[in-house]
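Here our numbering is used: the first residue of the sequence shown is 1, the next is one more, and so on.
Since the structure comes first, as structure tokens, the remarks are kept for the end.
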Amino acid sequence: MNTYFQCDFKQLADKYGTPLYIYDLDSISRQFYKIKDSLKGFKSLICYALKANSNLSIIKHIGNLGSGADCVSINEIKRALLGGIPPYKIIFSGVGKSDLEIQEAIGLDVLFINVESEMELFRIEKIARDIYNKPSRISIRVNPDVDAKTHPYISTGLHENKFGLDIESAKKLYIYAKKSPFLNPVGIHYHIGSQILDSRPLLESSQKILELAKSIKALDIDLRFFDIGGGFGIQYSDCDNEFDIGSYIGEIVRKVDSLDLTLICEPGRFIMGNSGVLLTSVIGEKITQKKRFVIVDCAMNDLLRPSLYDAHHDISLVHGVMSEKSSICDVVGPICESGDYLAKDITLPHCNSGDLLLIQSSGAYGYSMSSNYNSRMRAAEIALYNGVDYVIKDREDFDLSVKNELSHLDSIPYPPK
Ligand SMILES: *Cc1c(COP(=O)(O)O)cnc(C)c1O
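Shown next, in the form of structure tokens:
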């Protein structure tokens, strides 16, 4: 999806080098307010899903708009706190929390922990009793067994997925939690997948979970939060239809309100996806008998989504000599894997070494999924605000990246030669 970024890409490339992640704070605000506006007049809390992009300045910006945080590790919780988000707006989710993470999260007094299994509930109860001797606030993630109709890697709402508890098991756990002096069941939660563009599976899920919430309240369990998760899709290309967040939330929020529950949602991609782009330089073209490859200086370690999900990102030439003729090509990185590509079979004009390509819709699950594979340093990240560019993360430094290994280089006692 061609997002409109008001900046001089050549100037930014000269100033910061490439590959370069660029975020637009105004776009982030606009996306946040689309959700916020649809919740006007109702008790609600938006908890930004940090895993989409966990740069501290991004967290701080979204937190300043009033957002809380949905975190899936203790370190994400620490990032949320560093970004200025208060503990009472932080939710701890995830299918495999360690004892230590649970203990720290309770100690930090987060809003609640989203429970994903029976064994996890028992572990939370034990930690709350042994270490804190007071009840811990929990919510149970219910798996509504609804097909989100998105990529299988990002579908989470079917019984065959590892996430959440089926409705009957969840109900039993609520009853158990109500009786326990160390558990305080305050919420109910579902999240059926990511990049969902059709609201029907979401509405079907919400209906099932609303019924469950009603029957739980009828058991005199004092539920307070109805957490509809995230997963709201964005347009990666003009072919994708636009997810109408207003009508989706509008459909649910009244029903949630009539049960006297606070609606929580956990958007990640919706806020960040089209608020970021990845700028990359062309290294050169390689033409074989079968194919045309445009080799660029970013790779699957910078943006994994095409390699991992076969995800589509629009790519356009933003600096270079625009030749008349365009042809089909693959845009590939320098990494030693055939799976290392940014786009396949797209149309681009002829590219010269040093031209700049813009990889669109890279603000979510871009930098946050990046790695050091092939000993490549992670890119720099900058933010645009009121027409000015600000560094929010330096490009990684090689010397720092080997520091934790260099200190051990002489620790293995090899026999003398
Ligand atoms: C990943 C995730 C989210 C955010 O998903 P998006 O598709 O980025 O909105 C929200 N909640 C939970 C539990 C998640 O795992």
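Glycine included, each C-beta is placed from N, C-alpha and C at the ideal position.
C-beta contact flag for residue i and residue j at 8 angstroms
i, j, result
"Tyr48", "Ser67", "yes"
"Ile264", "Phe232", "no"
"Ala213", "Leu223", "yes"
"Ile28", "His61", "yes"
"Ala52", "Ala364", "yes"
"His329", "Arg305", "Strictly speaking, residue 329 in this sequence is Cys, with His absent from that position. No, Cβ-Cβ distance for Cys329 and Arg305 is not below 8 angstroms."
"Val146", "Glu204", "yes"
"Ile167", "Ile188", "no"
"Gly366", "Tyr16", "no"
"Ile335", "Met300", "yes"
"Ala170", "Gly157", "no"
"Ile295", "Ile283", "yes"
"Leu129", "Gln195", "Per the sequence presented here, residue 129 reads as Arg, with Leu not at that position. No, Cβ-Cβ distance for Arg129 and Gln195 is not below 8 angstroms."
"Lys172", "Ile221", "no"
"Asn372", "Ser407", "no"
"Ile102", "Ile77", "no"
"Val95", "Lys40", "no"
"Thr150", "Gly83", "no"
"Val331", "Leu317", "no"
"Asp394", "Cys7", "no"
"Glu104", "Ile74", "yes"
"Ser281", "Ala13", "yes"
Close beta carbons around residue i, own chain, < 8 angstroms, minus the five adjacent residues each side
i, result
"Ile85", "Ile59, Gly63, Ser67, Gly68 and Ala69"
"Leu139", "Correcting the residue type first, residue 139 is Ser in the shown sequence and not Leu. Hits under 8 angstroms: Ile91, Phe112, Ile113, Asn114, Val115, Pro185, Val186, Gly187, Ile188, His189, Phe225 and Asp227."
"Tyr385", "Leu25 and Asp26"
"Cys239", "none"
Identity of the residue in the options nearest residue i by Cα
i, options, result
"Cys298", "Asp340, Leu261, Ala383 and Gln289", "Asp340"
"Asn345", "Tyr414, Leu82, Phe32 and His313", "As written in the sequence, residue 345 is Asp, which differs from the Asn given in the question. Comparing Cα-Cα distances from Asp345 to each of Tyr414, Leu82, Phe32 and His313, the minimum goes to His313."
"Ile249", "Leu12, Arg30 and Ile35", "Ile35"
"Ser44", "Asn133, Lys255 and Leu308", "Lys255"
"Ser362", "Gln207, Asn386 and Met272", "Met272"
"Gly107", "Leu308, Arg137, Arg79 and Met119", "Arg137"
"Tyr174", "Glu118, Ser38, Lys290 and Gln207", "Glu118"
"Gly246", "Lys290, Ala343, Asn75 and Ser199", "Ser199"
"Asp37", "Glu160, Asp244 and Ser411", "Asp244"
"Leu26", "Lys97, Glu120, Leu65 and Asp8", "Note on identity: in this sequence residue 26 is Asp, with Leu being the wrong assignment. Nearest of Lys97, Glu120, Leu65 and Asp8 to Asp26, Cα basis: Leu65."
"Ser326", "Ser307, Gly333, Ser338 and Pro349", "Pro349"
"Tyr23", "Phe398, Gln360, Ser375 and Asp410", "Gln360"
Ligand 1 heavy atom lying under 7 angstroms from the CB of residue i
i, result
"Lys51", "yes"
"Phe92", "no"
"Pro267", "yes"
"Ala343", "no"
"Gly387", "no"
"Asp70", "yes"
"Gly231", "yes"
"Phe270", "yes"
"His191", "yes"
"Gln31", "no"
"Ala80", "no"
"Ala218", "no"
"Gln11", "no"
"Ala364", "yes"
"Gln289", "no"
"Gln6", "no"
"Ser420", "The chain is shown from 1 up to 417; residue 420 falls before or after that span and cannot be answered."
Chain-order list of residues whose beta-carbon lies under 7 angstroms from that of residue i (same chain, five-residue window excluded)
i, result
"Asp302", "Pro19, Leu278, Ser370 and Ala379"
"Gly320", "Cys351, Asn352, Asp355 and Leu356"
"Asp109", "Pro87"
"Lys10", "His319 and Leu356"
"Phe42", "Val253, Asp257 and Leu263"
"Glu125", "Ser180, Phe182 and Leu183"
"Ser57", "Ala383 and Ile392"
"Ser368", "Lys51, Ala52, Asn53 and Ser54"
"Tyr132", "Ile106"
"Ile209", "Val142, Pro144, Ile188 and Tyr190"
"Pro201", "Val146, Asp147, Ala148, Lys149 and Ile192"
"Gly387", "Gln6"
"Ser275", "Tyr23, Asp24, Ser27, Ile28, Gln31 and Gly363"
"Ala80", "Leu50, Ile59, Ala69, Cys71 and Ile90"
Own chain, CB closer than 6 angstroms to residue i, minus 5 neighbours either side, in chain order
i, result
"Val391", "Ile382"
"Glu266", "Cys47, Ala49, Asp70, Gly229 and Gly230"
C-beta neighbour in chain D for residue i, strict 8 angstroms
i, result
"Lys15", "The chain inventory of the structure shown lacks chain D, comprising one protein chain alone."
Closer than 7 angstroms: residue i CB and nearest ligand 2 heavy atom
i, result
"Ser361", "Ligand 2 is not among the ligands present in this structure, which contains only ligand 1."
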